[in-house]
Amino acid sequence: MATPTMEKTAAKTDVSPYITVTFRVRRFNPELSDEAQWQDFQIEIDPKERVLDGLHKIKWDVDGSLTFRRSCAHGICGSDAMRINGKNRLACKTLIKDINPEKPITVEPIKGMTVLKDLVVDMEPFFQAYRDVMPFLITSGNEPTRERLQSAEDRERFDDTTKCILCAACTSSCPVFWNDGQYFGPAAIVNAHRFIFDSRDEAAEQRLEILNDKDGVWRCRTTFNCTDACPRGIEVTKAIAEVKRALITRRY
Ligand code: SF4
Ligand code: F3S
Ligand code: FES
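Numbering (the working numbering), first residue to last: 10 to 261.
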């Protein structure tokens, strides 16, 4: 005979956490069609799971051809930025319960970049802009015998922009970038900022001149989409304003 405790446990496990959720995914396969189209998938999922878990369920259980990038699944590698319900987010950091699962969840590739297949875009122009700002420490003179020292105050100066994971959520949410894709974009400027304001670096002038270009910082219209989109909470627009100010004052 079941004890009261056992009955209680059984009643608890009877309640399934699963709900039916519709994923409305923007599909594109250049081998099949020149046009992208929406496809709906209905899956059973715990709303405490993430959009990435939903995409995995679709890929592993329903349609193995669904194509998207992801690696770490924990908000570190930056590879799964996508437009979820019209907003740039990381699929691995977006809980289904937080985005109204009663309605279809739309999932699209990030904007302003060439779509290669489904949710995968060509990131090469994005990474070229990143490489163009020389995202590495440049120093002259002899190597120090120990570490290059820096005060806590100097380190704090660029702390925010060290957090970038190069996910492109900012650049692909910027209307100036959507316009022609020539603008360096907020991510490249954030990564230039990280070195311009590093007291150990000696190439700030070079980086500032690179960003003084017609496709550089002056194209930013202070729209703030980039700041809203950043999954790392970086104050992107503020960093861009600091680079603009450094260009005018030559103080950094
Ligand atoms: Fe992503 Fe933020 Fe870096 Fe932009 S600044 S690439 S949104 S982490
Ligand atoms: Fe674009 Fe951000 Fe400037 S969205 S216009 S880079 S403030
Ligand atoms: Fe690495 Fe989402 S999979 S950030």
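Positions of the beta carbon are idealized from the N, C-alpha and C atoms, including for glycine.
Judged by DSSP secondary structure, residue 96 falls within the beta strand (DSSP E) whose first and last residues are 96-99. Between residue 226 and residue 72, the alpha-carbon positions lie close to 43 angstroms from each other.
Looking only at 105, 117 and 81, the smallest Cα-Cα distance to residue 97 is reached by 117. Non-local C-beta neighbours of residue 80 in its own chain, meaning closer than 6 angstroms and more than five positions away in sequence, comprise 86 and 88, ordered along the chain. Residue 48: member of the beta strand (DSSP E) spanning 46-54, first to last residue. Between the alpha carbons of residue 149 and residue 162 lies a gap of roughly 23 angstroms. Residue 139 is a Cβ neighbour of residue 196, given a cutoff of 8 angstroms. Looking at 58, 55, 190 and 92, the one whose alpha-carbon comes closest to that of residue 137 is 190. Residue 146 and residue 59 do not touch by the CB rule: their CB atoms are close to 35 angstroms apart, not below 8 angstroms. Under the three-state reduction of DSSP, residue 218 is assigned to helix.
By the C-beta criterion, the segment 113-131 is judged to be in contact with the segment 23-37, since at least 3 inter-stretch pairs fall below 8 angstroms. Per the coordinates, the alpha-carbon of residue 168 lies some 10 angstroms from the alpha-carbon of residue 206.
In this structure, the alpha-carbon of residue 231 lies about 6 angstroms from that of residue 246.
By the neighbour-count criterion, in which a residue is buried when 16 or more other Cβ atoms sit within 10 angstroms of its Cβ, residue 142 is buried.
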